[in-house]
Structure formats: structure tokens, C-alpha cells
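Going by the working numbering, the residue at position 123 of the sequence shown is 123; the numbering climbs one at a time, nothing skipped.
By construction, the Cβ of each residue, glycine as well, lies at the ideal position given by its N, Cα and C atoms.
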Amino acid sequence: MKEYDALFFDFDGVLVDSVEVKTQAFEILFERYGRDIREKVVEHHRDNGGMTRRDKFRHYYEFFLGKTIQEQELNQLCIAFANIVFEKVLATPAISGAEELLAKCRNRAPCFVISGTPVDELREIVRQRGWSKYFKEVCGAPVTKAEHLQMLLGKYALDPANCIFFGDAVSDYEAAVESQIPFIGILPDPEAPLLKAVPNIRWFRNFRDFVR
């Protein structure tokens, strides 16, 4: 790993197998609107993994419920969402080989988390998992992934061609391309939404396969 300037990782679905935890949270919060709305919410959530929860809530209210969500209600939904997922994400297993790779990279190539999860919540999850030692910085919402990458490349004088971004969503891929960083998908299967959108990317099911 000494040949790389840095490694960037999305969090949910890439380092931790937590995508379905957040799917369940959206199901719970939209259950009162009926099956049709709930299924639309779940489908959109699964197809837009890198989108922040605040943007998802706005989208669901505007396009599925036909109304504009007020800031106070949006904040309440975000708090409710965080309360549902926080402990579950802490207890969710890491993607196979993720922690082993991070341990190998420690003191060799700096590692960064770039996620759409609110930054304070994300840093607390990383801290409580005992992973803070692996990362140079942990970056989350509301700053976008593309903005984080540009900031970090400049701050640490990194050559984007000598970095890797590991992601599982179209937003991860687009942020990497915008910054000219090579991208590798960490995806559960060939039916992953990212592969339907960008079928020719290089991808692995987990980090054990990547290391091999």
C-alpha cells in the first residue's frame, strides 16, 4: 500500500454492511403513508446510496407525498432516523476483509472516510467501533463527497492518480471521476444499482477478494 498516496472509503455498504439497517429505518418512518409510498421510498433509497438522508426526505415529501417538508419536521425526521439506526449500525458486521485492510494500511497510506452520513454521527460511530486510529480524517454531510475529495487532495498534496476511492453508489463514482481518482466498487452482487448505471467499473464483493 506504500505505492498509494491515499485511500478513500465510503462507509455504509463499503466498510460496514449497514445499508439494510437504513432501509429498515426509512420503512419505519414512512409506514404510516401506506405500502405504495413505503415501497417507492425503499426502492429510491436502495438506488441512491450516496444521497444524504436530508435530501432523501425532501425528495420523498415532494415527489411521493406531493408536499414541501418544513425545516422543523425535516430536523425531527433526521433525529428519529438517527435514533433508529445508530445502535444498529454499531452492531452491524464490517464488510469482509475491511478491518484487516485498514490495519495493513495504517502507517503506510493515509485512509479517509467520505460519507453522506451526518459528520458528527459518523465520527461517533467510527470512534465507538474503535476505528478512529485507522483514519486520517472522517468526513460526512452536509459537505458533499466531491467537495471533501477536492479539499483533502489539496490539504495533503495528494496525487489523485495515486489514490483509490472505494464506493458502492453512483455518487461515489461521480465524485471520484470529478476528482480524477481511480474508482473501485465494493458491491454485493452483479445486480447492484451502481453496476446497472456504470456496468464497466472494476468491482469486488468485499476486501478479501480485493486483496487477493
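Residue i in three-state terms, based on DSSP
i	result
residue 52	coil
residue 118	strand
residue 140	strand
residue 21	helix
residue 197	helix
residue 103	helix
residue 94	strand
residue 126	helix
Nearest-angstrom beta carbon gap, residue j and residue i [assumed within contact, 8 angstroms]
i	j	result
residue 148	residue 125	Actually they are not in contact, since the Cβ atoms of residue 148 and residue 125 sit about 17 angstroms apart, beyond 8 angstroms.
residue 13	residue 170	Actually they do not touch by this definition, with Cβ atoms about 13 angstroms apart.
residue 175	residue 157	About 19 angstroms separates the two Cβ atoms, so there is no contact after all.
residue 185	residue 209	Actually they are not in contact, since the Cβ atoms of residue 185 and residue 209 sit about 11 angstroms apart, beyond 8 angstroms.
residue 16	residue 95	7 angstroms
residue 166	residue 8	7 angstroms
Host beta strand (DSSP E) of residue i (start-end)
i	result
residue 7	6-9
residue 183	183-186
Buried or exposed by the 16-neighbour rule on C-beta atoms within 10 Å, applied to residue i
i	result
residue 26	buried
residue 22	buried
residue 53	buried
residue 110	buried
residue 217	Since the first and last residues shown for the chain are 1 and 212, residue 217 lies out of range.
residue 143	exposed
residue 85	buried
residue 56	buried
residue 79	exposed
residue 34	exposed
residue 172	buried
residue 41	buried
residue 224	Nothing can be reported for residue 224, as the shown portion of the chain is limited to 1 through 212.
residue 179	buried
residue 121	buried
residue 18	buried
Extent of the continuous alpha helix (DSSP H) to which residue i belongs
i	result
residue 86	71-91
residue 37	35-47
residue 209	207-211
Open item on the list: Report the start-end ranges of each alpha helix (DSSP H) in the segment 133-178 that is 4 residues or longer and not cut off at the edges.
Closed with: 145-155, 170-178
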